[in-house]
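The structure appears right after this line, and notes come after that.
In the numbering used here, the protein residues as written are 17 to 241.
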């Protein structure tokens, strides 16, 4: 987490100029620690039955998502020696945040999210189809009504789709909007429909996540008993 915060702060010129030596020192220290941890995990992985064979087992472990994340965390040290571009190094540093998915409450929370999505995949698929259909219909309608009046914004269905997506997701940047009376009517219907569009998957995921959390607590209680 410290290295991720340092990498984020380094993108601010006023901070990077004054504390460049500190951020580089932290980078070297933590990259070295991550590399040592990675090598140690590769060395002792043969203690696990799944990776018993010294060579093949270690190669198999090195290709697991957990091992790849560990390797990713130590890449800035190696890339620095090879003279990689600073932008690439910064991106790799920020990707270290993915390592947090392996530990503690966050790992359990992500497990519950995946379980929730899996248990409601059909309902989510249906809501996705409905959402795409509504966005496409709104795009066609605004293209038909506003295309000649505002060709830059609604001159094609893909252009109108930008407005439809922004409206349905309730972001509403305000850079593109209908000006004709009929266009405003369609826009009003689209805006009202967006409430149901957002509420549908939100309700599905909330219910599924609650069920997944309850199942997890029941499993823990059963193990303790």
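The beta-carbon is built from N, C-alpha and C at its ideal position, and this holds for glycine as well.
Just so it is clear, the structure is predicted and the values come from calculations on it, not from any experiment.
Ranked by Cα distance from residue 162, the first of 216, 127, 200, 41 is 200.
For residue 142, the enclosing alpha helix (DSSP H) begins and ends at 137-162.
A direct Cα-to-Cα measurement between residue 85 and residue 48 gives close to 15 Å. Residue 164 counts as exposed, since fewer than 16 other beta carbons sit within 10 angstroms of its beta carbon. With a cut-off of 8 Å on Cβ pairs, the region 197-214 is in contact with the region 173-185, counting three or more such pairs. Note that the C-beta distance between residue 67 and residue 61 is below 8 Å.
Looking at the backbone, the Cα of residue 210 and that of residue 193 are separated by about 16 Å. Take the alpha-carbon of residue 234 and the one of residue 216: they are about 27 Å apart.
Closest option to residue 232, judged by alpha-carbon separation, among 125, 188, 29: 125. Counted as a single uninterrupted DSSP element, the alpha helix (DSSP H) harbouring residue 73 occupies residues 70-78. Residue 82 is classed as exposed because its beta carbon has fewer than 16 other beta carbons within 10 Å across all chains shown.
With 16 or more other Cβ atoms from the protein chains shown falling within 10 Å of its own Cβ, residue 43 counts as buried. For residue 65, no alpha helix (DSSP H) encloses it, and the DSSP letter there is neither H nor E. Between residue 38 and residue 136, the C-beta gap is not smaller than 8 Å, which leaves the two residues out of contact. The three-state reading of DSSP puts residue 47 in helix, counting H, G and I together.
As the crow flies, the alpha-carbon of residue 169 is around 6 Å from that of residue 175.
Looking at the backbone, the Cα of residue 58 and that of residue 29 are separated by about 38 Å. Assigned with DSSP and collapsed to three states, residue 86 falls in helix.
Non-local C-beta neighbours of residue 70 in its own chain, meaning closer than 7 Å and more than five positions away in sequence, comprise 62, ordered along the chain. Measuring C-alpha to C-alpha distances from residue 222 to each of 88, 158, 131 identifies 131 as the nearest.
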